Amino acid sequence: MTFTDFKTYFQANQNRYADLAWDDPHQLSPTELRAVRASLQTFQRGESSEGHYLYARAKQLGDPEYTAAMRLFIKEEQTHAAVLGRFLGQQGIARLKGHWLDGIFRGLRRVLGLEHTLRVLLVAEVVAAVYYRALLNATYSGLLQQICRRILLDEEMHLNFQCFTLRHLSAGRGGVGRWLHRHVYRGLMVGATLLVYASSRPTLRAGGYGFVSFCAALAAEYTRTEQMQRPGGLIAVRCGQAAAPVAPTPAGAWQWPQQGLRAAQ
Ligand SMILES: [Fe+2]
Ligand SMILES: [Fe+2]
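Read left to right, the sequence shown gives residues 16 to 280 (our numbering).
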């Protein structure tokens, strides 16, 4: 697998959101609103980065294919923000101009080099991969469920993309350096887990995640990304795993596709 493959994937994936059911008449009930409003606002804000710093750092790698893939990746995240923003508008929920959690992630991403930026980003991607599962299970809105499913599929490839790059960037690092890196960013993952749980608790609980199961889900997801970064580790999207429901969920709750979407060594 190469950066060209990721570029090709992101190019082909650009119109995934063209057929969303925007005519869905479902208005979130007061109970649903209490459960999802605040976190939806927070994650919509988090998805809406313009990516200037990330793009500038990606360019420093000097690989035009990586730069092109990164540009398309940033555009895909902005599509997530736009779709969530439109959903918020349709439900009469205001978009946020800023949020402390988003501020922390943005601030952390802007120090040090590309590898650090990607490791912070990876933590956010891991959080997203679990949050959208919770959101999916926390709402009866068919449109919002549809949005969550699409984003979850995208985030799978985002995890692959970041892990593939990180494996490339950390190749040749010695045992001590690798150990230090691993533990520093595990610490960051733990901190992010606590902050996200504190800020999005109503959604997580409505989606079937208590504190322990949320921590366990993030730990499992982060461990998977660590395995993908190991030399020779398989970089693959999930398929057929019982990863979604952790509690009784609305009828038709989403399952991961039974067929592999894409896999790479
Ligand atoms: Fe996203
Ligand atoms: Fe993402």
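Glycine residues also receive a C-beta, built at the ideal position from the N, C-alpha and C atoms.
Remember, it's a predicted structure, so these values are computed and weren't measured experimentally.
Could you tell me the alpha carbon to alpha carbon distance between VAL141 and LEU233, rounded to whole angstroms? As a position in the sequence shown, residue 141 is number 126, starting the count at 1. As a position in the sequence shown, residue 233 is number 218, starting the count at 1. Each residue's alpha carbon lies about 7 Å from the other.
Determine, using beta-carbon pairs with one atom in the stretch 34-44 and one in the stretch 190-203, whether at least three such pairs fall under 8 Å. no
Are the stretch 147-157 and the stretch 214-233 touching by the rule of at least three beta carbon pairs closer than 8 Å? yes
With a threshold of 7 Å (Cβ to nearest heavy atom), would ALA143 be considered close to ligand 1? For this step, residue 143 is matched to residue 128 along the sequence shown. At least one heavy atom of ligand 1 is nearer than 7 Å to the Cβ of ALA143, so yes.
Kindly give me the distance between the Cβ atoms of GLN244 and LEU181, rounded to whole angstroms, as I take these residues to be in contact under 8 Å. Taking the first residue of the sequence shown as position 1, residue 244 is located at position 229. Taking the first residue of the sequence shown as position 1, residue 181 is located at position 166. That belief holds up - the Cβ atoms of GLN244 and LEU181 are roughly 5 Å apart, short of 8 Å.
Please report the residue range of the alpha helix (DSSP H) in which ILE166 lies. Here residue 166 corresponds to residue number 151 of the sequence shown, with the count starting at 1. From DSSP, the alpha helix (DSSP H) with ILE166 extends over 157-184.
Nearest neighbour of SER156, chosen from PHE21, ASN28, THR46, GLN26 [CA to CA]: If you number the sequence shown from 1, residue 156 lands on position 141. When only C-alpha atoms are compared, the closest one is THR46.
Between the stretch 51-70 and the stretch 104-119, do at least 3 Cβ pairs fall closer than 8 Å? yes
Is the CB-CB distance between VAL98 and LEU203 below 8 Å? Counting from 1 along the sequence shown, the entry for residue 98 is found at position 83. Counting from 1 along the sequence shown, the entry for residue 203 is found at position 188. Cβ distance not < 8 Å, so VAL98 and LEU203 don't count as in contact.
Using a 10 Å radius around the Cβ and a threshold of 16 neighbouring Cβ atoms, would you call GLN160 buried or exposed? Sequence index remark: in the sequence shown, residue 160 carries index 145 (1-based). By the 10 Å Cβ count, GLN160 comes out buried.
Name the two residues that bound the continuous alpha helix (DSSP H) containing ASP117. Counting from one through the sequence shown, the residue named residue 117 turns up at place 102. Start and end: 115-124.
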